[in-house]
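Shown next, in structure tokens, is the structure this report addresses.
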Amino acid sequence: MKKSQPQFFNEMQLDLAASSPEGVREIYKAYHQWLKNVPHHQLNSKRMEAELLFRRVGITFNVYGENDGAERLIPFDVLPRILSAAEWRHLSAGSIQRVKALNMFLHDIYHDQDIIKAGIMPATILANSQYRPEMFGVDVPNQIYAHIAGVDLVRTSESQFYVLEDNLRTPSGVSYMLEDRKMMMRLFPELFRQYPIAPVEHYPQVLLNNLRAVAQTNVQEPTVVVLSPGAYNSAYFEHAFLAQQMGIELVEGQDLFVRNNAVYMRTTEGPQRVDVIYRRIDDDYIDPLVFNANSMLGVPGLLSVYRNGGVTLANAVGTGVADDKATYIHVPAMIRFYLGEEPLLENVPTYELSKEDDLAYTLAHLHELVVKEVQGSGGYGMLVGPAASKQELEEFRLRIISSPASYIAQPTLALSTCPTLVAEGIAPRHVDLRPFVLSGKTCTLVPGALCRVAMKEGSLVVNSSQGGGTKDTWVLEEDVAMPSKANVNQAEEMLC
Amino acid sequence: MLSRTADHLYWMARYIERAENMARVLDVTYNMSLVPNAAESEAALWLPALEISGNVEAYERDYFNETQQEYTAADVIHYLAMDMNNPSSIYSSLRSARENARAVRVAMTSETWENINSLWLEFGQFFGQDLSQSGLSEFCDWVKARSHLFRGVCFGTMLRDDAFSFVRLGTFIERADNTARLLDVKYHLLLPEQEEVGGAVDYYEWSAVLRSVSAFQAYQKIFSDTIEPWRVAELLVLRRDMPRSLHACFDEITSILEQLSSSRAGECKRMAGELHSKLRFGKMRDIFQRGLHEFLSDFISANNKLGVEVHKTFLSIS
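These protein sequences, in sequence, are chains A and B. For the first sequence, the working numbering begins at 199 and goes up steadily by one. For the second sequence, the working numbering begins at 360 and goes up steadily by one.
Okay, here's the thing in structure tokens:
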């Protein structure tokens, strides 16, 4: 058999000739061994079992623009992605560093704006549509704006990770991190006995503690709620899931009202004061008196109470200015400016199309670049040069020329791949990683992440709205030696 | 708890109960149709099923045309079981139950939610089946079993808080309504001219009524005698140990209202207490003297008013 050197970094094995155990990365060795002995049909029946269970639990999402209203499952892959303790240390330190700097930036940009005065950030950022003048001069508890942040990471080689983007508004996906884990433990308990996998189940508790810590009303037991747009929102399952796991109310805009500089919810026992709102509604819809007047989802008067300190919103209003793609470019400089540290995680090299040179380069190399709308999200309004047809390239070229400042361009990254169960068997598919950084009392993350996988061969787009799936992410515990087969057998004997 | 949450829980339970009762009516009617000469015509057999659910006019509007003006088994079964346009068909009830559950899945245990969600997923297996040809009994059994399972999972897993109380309240207000309607229609139809009863057909009819509320064996056990209409009525109205009787429903309703932690339950308790005392201290002879039909109509209306009051006090968002 010819040895095939993969074009992309493969998370499991550096050498794709599957029969040879050399070339399998150390942390995957035991798994690789196990996988070799599991027949394909058995994996398939596990996959089907998972699908059935997910349907029963109702872990479904709605797709915008599809009229049949059918609830769809996000494809779940039964093969995990594994990260070593050292890799995780690096990624988590880097993510925390980044989120700390971003929170400091948000405080700064809504107060003294030192970063602009220092000439590190252009003043044009204040004209960004995600900058909320309503927040200027407003003090938020502990100066935390992004209580929940999702940092999208990709990998291109053994040692090279990049931050693709920061999600600081209402990042979603953490329920998949938790549900995928639960599913894997159910499907493959034997692997969990064999692998020292760090647990993630305490995420809701950590989240709740952080949310309680940012209450600014002087109460002993702050009332925290999750505010959802409702059952027809694509992420409704997650809203419900988190509320349930934290043991708090899941409310909709219509359940809340404002009176005497306080927010109340309507209950069967009359109005009850709310201290902290974990809101999963965008800024634009949160208060029809201030933002989108047609919003039926929000709470009239909420922002005024918020500005006066009568309630805490998590995340804060106006965080969008910090995860905008125009701001992204400046995050490494931000880290140096606010923390006096060197960034631990690198940005993807980015061309700003508002600059003439960058624009010229981009237009000349469109077929090899990824072009993104500055304010787009979720994989909508994006061009993947190498995968685009001639016609698509031309169309995008015109769009860029008509409004260069609305776009940025990045080299097409050779995203790492991870073995994934597909119709033809096990094949490499591109993956990314979104750990969730929680801030409030402390700045932490649980050792796990949402791993998204592009199920289509060769595709680099992992978004669920574009047919992406998810995988469980195993972070291996610190300093635990990988058990050999013999040790496992011994352990089993001892259990008996 | 949130008013909206209470509202969804209450209606979720009502819709499940409604589906179960509809299945009971369908099942006994179908079984009656297998008894030779049980009724003079197909229509005489199936019309009451429509009357119990108060659906005759809507049915005639949707199913009658110039050439077809009969109440056929196939049509009535489809209308009551599967018709998406009939808001009280089993299909619609189960769908509404599941939609209400989905909106407040947080407020119930995951077992409860998964139970309702899988109920809805399983329901898909009956789509496209012509139930009037075969499989109706299995279908009705399935609906009943799922309803039992629903109550069981609520009872076995939910915290005894207001959420649980609103689920139970919905169940029993709906059940009281359904039992009263069933009895009213059947009694009305079976005694057209105040005639003495006791014929063979009556036996089948009344045993069908009993079976539809799972009371046939109870009747035999309590009375061990021929089936007499007034005894059936007594069993379904005044016997508190019959779990689908009006009295049993109001035992539950009054005790649930007492358990609610809200201080706002005053008027609901008064209304429920008034109805409860009629069932508790009423005598069958007096009820018959005034007329069972009048008694049941009054009951249905008072039970409805209680439902409206529950809504006003706890559930509506104003």
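Backbone N, C-alpha and C define an ideal beta-carbon position, used for all residues, glycine too.
Would you mind stating whether L619/B and L542/B have Cβ atoms separated by less than 7 Å? No; because the gap between Cβ atoms is not below 7 Å, this pair is not in contact.
Between the Cα of I581/B and those of K637/B, W565/B, D600/B and A567/B, spot the shortest distance and give me the residue it belongs to. The candidate whose alpha carbon is nearest that of I581/B is D600/B.
By the three-class DSSP mapping on this structure, what secondary structure does K671/B have? Here K671/B sits in helix by DSSP.
Once you ignore the five residues that flank Q203/A on each side, which residues in its own chain have a CB closer than 6 Å to its CB? Summary for Q203/A: the model assigns pLDDT 49, below 50, so the residue's position carries little reliability; its value from the coordinates is reported in the next sentence. No residues qualify anywhere along the chain.
Confirm, please, whether the CB-CB distance from L495/B to Y389/B is below 7 Å. Y389/B is a Cβ neighbour of L495/B, given a cutoff of 7 Å.
Contact set between the stretch 505-527 of chain A and chain B, restricted to residues whose Cβ is under 9 Å from the partner: So nothing in the stretch comes that close.
What residues of chain E sit near N537/B, judged by a beta carbon separation below 9 Å? Here chain E cannot be found, since the structure's protein chains are A and B.
I'd like to know whether the C-beta atoms of A438/A and V384/B end up nearer to each other than 7 Å. Cβ distance not < 7 Å, so A438/A and V384/B don't count as in contact.
Would G499/A count as contacting chain B if we go by Cβ distances under 7 Å? Answer no: the Cβ-Cβ gap between G499/A and chain B never drops below 7 Å.
Whole-angstrom C-beta distance between V412/A and V474/A, which should lie under 8 Å: Correct: roughly 6 Å between the Cβ atoms.
Counting only beta-carbon separations shorter than 7 Å, does S700/B have a partner in chain A? Nothing can be reported for residue 700/B: it is not among the residues displayed for chain B, which extend from 360 to 677.
Leaving out the 5 sequence neighbours to the left and right, which residues in its chain are closer than 8 Å to F594/A when beta-carbon positions are compared? If we look at F594/A and ignore the five residues flanking it on each side, its Cβ neighbours are L564, V569, L581 and A586.
How far does the beta strand (DSSP E) with E363/A in it extend, from its first residue to its last? DSSP places E363/A inside the beta strand (DSSP E), whose first and last residues are F359 to N365.
Note down, in chain order, every chain A residue with its Cβ under 7 Å from the Cβ of F673/B. Here the neighbours are T466.
Would you call the CB atoms of H345/A and A512/A closer than 7 Å? Inclusion of H345/A and A512/A in the CB contact set at 7 Å is warranted, their separation being smaller than that value.
To the nearest angstrom, how far is it from the Cα of R454/B to the Cα of V297/A? Approximately 44 Å between the Cα atoms of the pair.
Excluding the 5 residues flanking L361/B on each side, which residues of the same chain have their C-beta closer than 7 Å to its C-beta? Here the set comprises nothing.
Rounded straight-line distance, which links the Cα of S426/A to that of T466/A: Rounded to whole angstroms, T466/A to S426/A spans 20 Å at the Cα level.
Check the Cβ-Cβ distances between G267/A and every residue of chain B, and say whether any is below 7 Å. Because the pLDDT of G267/A is 47, which lies under 50, any placement of that residue in the model is unreliable, and the question is left without a value.
Going by DSSP in three states, A347/A sits in which element: helix, strand or coil? Secondary structure at A347/A: strand, using DSSP grouped into helix, strand and coil.
C-alpha distance - L212/A paired with R223/A, whole-angstrom precision: Spanning the two alpha carbons is a distance of roughly 7 Å.
On the criterion of 16 or more Cβ atoms from any shown chain inside 10 Å, does Q579/B qualify as buried, or is it exposed? By the neighbour-count criterion, in which 16 or more other beta carbons inside 10 Å mark a residue as buried, Q579/B falls on the exposed side.
For a contact defined as C-beta to C-beta under 9 Å, what are the partners of N476/B on chain A? Ordered by position in chain A, the residues that pass the 9 Å Cβ test against N476/B are R253, R254, V255 and G256.
Boundaries of the alpha helix (DSSP H) in which K628/B is found, first to last residue: Residue range G625 to F640 is occupied by the alpha helix (DSSP H) that includes K628/B.
Given this structure, state the Cα-to-Cα distance separating E587/B from Y562/B, to the nearest angstrom. Cα-Cα distance, rounded: 8 Å.
DSSP three-state assignment for R330/A, whether helix, strand or coil: If DSSP states are grouped into helix, strand and coil, R330/A belongs with coil.
Can a CB atom of chain A be found closer than 7 Å to the CB of A456/B? No - not a single Cβ of chain A is within 7 Å of the one on A456/B.
When DSSP builds the beta bridges, which residues end up paired with L511/A? L511/A is bridged to I475/A.
Have a look at R330/A and A504/B and give me their C-alpha separation to the nearest angstrom. If I take the Cα positions, the gap works out to 55 Å.
Answer yes or no: does any C-beta atom of chain B fall closer than 7 Å to that of Q442/A? Q442/A counts as touching chain B.
Looking at the C-beta of M601/B, does it have a partner C-beta in chain A at a distance below 7 Å? Closer than 7 Å: no.
Looking at the structure shown, is G516/A part of a helix, part of a strand, or coil, going by DSSP? Looking at G516/A - three-state DSSP - the assignment turns out to be coil, as it is neither helix nor strand.
I'd like to check one pair, A456/B with M371/B: are the Cβ atoms closer than 7 Å? Taking C-beta atoms as the reference points, M371/B and A456/B count as a pair closer than 7 Å.
Verify the CB distance criterion: does R464/B have a CB-CB separation below 7 Å to chain A? Yes, R464/B lies at the interface with chain A (some Cβ there is under 7 Å from its Cβ).
DSSP three-state assignment for S637/A, whether helix, strand or coil: Strand at S637/A.
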